[in-house]
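To keep things clear, I will list the structure first and then write my remarks on it.
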Amino acid sequence: MALTREQILAADDLAVESVPVPEWGGDVRVRMMSGEQRDQLTAMMVAASDASQNVTAVRFGQMVVSLCLVDDDGALLFGADRLDELRKKQPHVIERLALHAIRINGLGPGAVEEAKKPSETIQSSGSGSDSPSPLGEQSPS
Numbered sequence: 001m002a003l004t005r006e007q008i009l010a011a012d013d014l015a016v017e018s019v020p021v022p023e024w025g026g027d028v029r030v031r032m033m034s035g036e037q038r039d040q041l042t043a044m045m046v047a048a049s050d051a052s053q054n055v056t057a058v059r060f061g062q063m064v065v066s067l068c069l070v071d072d073d074g075a076l077l078f079g080a081d082r083l084d085e086l087r088k089k090q091p092h093v094i095e096r097l098a099l100h101a102i103r104i105n106g107l108g109p110g111a112v113e114e115a116k117k118p119s120e121t122i123q124s125s126g127s128g129s130d131s132p133s134p135l136g137e138q139s140p141s
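For the sequence shown, position 115 matches number 115 in full-length UniProt numbering, and the numbering has no gaps at all.
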């Protein structure tokens, strides 16, 4: 039987993972972006390039993290309007969180190829944590 619109909208389909951040004294929660947040990410990148700002890998990572860190209730901790606050934090910590967020959001290299696979293959393919990173090698912890 096919799902109804109500069932689809009621489904909690945004995975959340806890990530230890010893530099900050605890764990943070990294959630998949919604479609709206993906649109926000695109808008942030377009706005930065329109303002003649270079969207470096570090800046991209900050953008992604700002849209993925959530509290225990699922509310964003930062969001696009608080991106500058994240820019004040240790770059290697933000990069580590960005790599995690990129992985769970399927934003890395190979994401298009993975999406083309039949759904049965995707479901059984594991976490994808061994896929290459668009930000380069992960900084040592």
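Ideal placement from N, C-alpha and C gives every residue a C-beta, glycine not left out. Model, not experiment: these values are computed from the prediction.
Chain-order list of residues whose beta-carbon lies under 8 Å from that of residue i (same chain, five-residue window excluded)
i	result
residue 90	23
residue 41	33, 63, 64, 67
residue 39	none
The alpha helix (DSSP H) enclosing residue i, as first and last residue numbers
i	result
residue 229	For residue 229 there is no data in the structure shown, the boundaries of the chain being 1 and 141.
residue 35	35-50
residue 61	57-66
Nearest-angstrom Cα separation, counted from residue j out to residue i
i	j	result
residue 75	residue 105	17 Å
residue 70	residue 45	21 Å
residue 94	residue 34	20 Å
residue 17	residue 81	23 Å
residue 87	residue 11	33 Å
residue 58	residue 1	45 Å
residue 120	residue 9	Here the model assigns residue 120 a pLDDT of 49, short of 50, so the residue's position is not dependable, and the following value carries that caveat. C-alpha separation (whole angstroms): 22 Å.
residue 98	residue 25	18 Å
residue 27	residue 7	32 Å
Where residue i falls, given that 16 or more other Cβ within 10 Å makes a residue buried
i	result
residue 3	exposed
residue 36	exposed
residue 62	buried
residue 5	exposed
residue 52	exposed
residue 15	exposed
residue 43	exposed
Other residues of its chain near residue i: CB distance less than 6 Å, five sequence neighbours each side excluded
i	result
residue 48	55
residue 30	17, 19, 68, 100, 101
residue 123	Low confidence applies here, because residue 123 scores a pLDDT of 42, under 50, leaving its location unreliable and the question unanswered by this model.
Sequence-distant residues of the same chain with beta carbon closer than 7 Å to residue i, five excluded per side
i	result
residue 66	78, 79, 80, 82, 83, 86
residue 32	14, 15, 104, 105
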